[in-house]
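Number of protein chains: 2
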Amino acid sequence: MSWELTADRPIYLQLIDHIKMNIISGEFAPGSKILSVRELASRACVNPNTMQRALSELEKLGLLYTQRTNGRFITENLDVIENARESFAKNHTKKFSDRMSQLGLSKAQIINLVEEFSEEDLQ
Amino acid sequence: MSWELTADRPIYLQLIDHIKMNIISGEFAPGSKILSVRELASRACVNPNTMQRALSELEKLGLLYTQRTNGRFITENLDVIENARESFAKNHTKKFSDRMSQLGLSKAQIINLVEEFSEEDLQ
DNA sequence: ACCATTGTATTATGTGTTTACCACAGTGAT
DNA sequence: ATCACTGTGGTAAACACATAATACAATGGT
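Going line by line, the protein sequences match chains R and F. Residues in the first sequence are numbered consecutively from 1, following the numbering used here. Residues in the second sequence are numbered consecutively from 1001, following the numbering used here.
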């Protein structure tokens, strides 16, 4: 998946969101080693310092941990990941729902929109 | 409604979103006069220059127009407002739906979440 | 022992955002 | 005519963000 950075938000925040999504969606397996700061920065077309900032924020959240001169790894704590996943889903749903209500849409209308724009799972 | 500005995005963009929502939700009636730049800035606890920037962007979108030394008004062009409203709803729904799918949620699960977090209309 | 690679830290520079402050021209009410 | 108010424009300063370019210490593999 590409990085798709936009100019309307600080890059380091977008990097945080992107990597966080990789982790909580399971795309990055718990305990697995991730690419180096320099390599990640290179792929995202971003300065190493900026990537470093994003990674250390994710560390504060407990989603990553560091082995000083060896590399960085996804946490093995499944609870942390699951919590992040749940709060992500809840927060986004609440925000979405609130905005649509404020627009004047009824609950039924909101559901209809989601029905329309959501694609069925490809089993 | 309060302004609720956060530090993770440029203020002028948040002001644009906020006022745009006031317009497309119908809270600000088409053709009606809005408060002066200075007054709006004061209420939002923001510098007049910043509010000015947001308003001129909304003007580019056709949602506002200016009478040079008289004040600013909501557009009377209902099509412009309705288009903005529809694209707002579609874009947000699409983005929400995509993110939830990426999280691994099925269409049915997404609908369930919306059901859970959406409140019934208060007739 | 050597060396590439790791995370980390520092300094400097450019850019964008926000703010404060000031000035100008046109309108409308008095 | 006067005056408060309107939108608009400019300048300067402070700050955060992003980048470039280095440097350093510790690890792992050779």
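We put the beta carbon where it would ideally sit given N, CA and C, even for glycine.
Leu61 of chain R vs Ala1089 of chain F beta-carbon contact at 9 Å: no
4 or more residues per run - each alpha helix (DSSP H) lying fully within the region 1021-1080 of chain F: 1037-1043, 1048-1060
Alpha-carbon spacing of Ser42 of chain R relative to Arg68 of chain R, whole angstroms: 21 Å
Sequence-distant residues of the same chain with beta carbon closer than 6 Å to Arg1053 of chain F, five excluded per side: Tyr1012
Residues of its chain near Val1080 of chain F, where Cβ-Cβ distance is below 7 Å and the 5 sequence neighbours each way are ignored: Gly1062, Leu1063
Classification of Met1051 of chain F by the beta-carbon crowding that lies within 10 angstroms, buried from 16 upward: buried
Interface flag, Arg1099 of chain F vs chain R, CB-CB below 9 Å: yes
Any C-beta of chain R under 9 Å from that of Lys1107 of chain F: yes
Assigned exposure category for Ala1 of chain R - 16 Cβ within 10 Å defines buried: Looking at the sequence provided, one finds Met at residue 1 of chain R rather than Ala. Result: exposed.
Spatial distance of Leu1078 of chain F from Asp1098 of chain F (CA atoms): 30 Å
Residue closest to Ile1024 of chain F, alpha-carbon to alpha-carbon, out of F:Ser1087, F:Phe1117, F:Gln1102: F:Ser1087
C-beta contact flag for Phe96 of chain R and Lys33 of chain R at 9 Å: no
With 16 other Cβ atoms within 10 Å as the buried cut-off, status of Arg38 of chain R: exposed
Whole-angstrom C-beta distance between Ile110 of chain R and Val1114 of chain F, which should lie under 8 Å: 6 Å
Of the listed residues R:Asn112, R:Asn91, R:Ser118, R:Glu120, nearest to Phe1117 of chain F (C-alpha basis): R:Asn91
9 Å Cβ cutoff, Ala1041 of chain F in contact with chain R: no
CB contact below 9 Å: Ala1029 of chain F versus chain R: no
Under 9 Å between C-beta atoms of Lys1107 of chain F and Glu27 of chain R: no
Minimum C-alpha distance to Asn1022 of chain F - residue among F:Asn1070, F:Arg1085, F:Met1100: F:Arg1085
Beta-carbon proximity check, Thr75 of chain R vs Gly31 of chain R, cutoff 9 Å: yes
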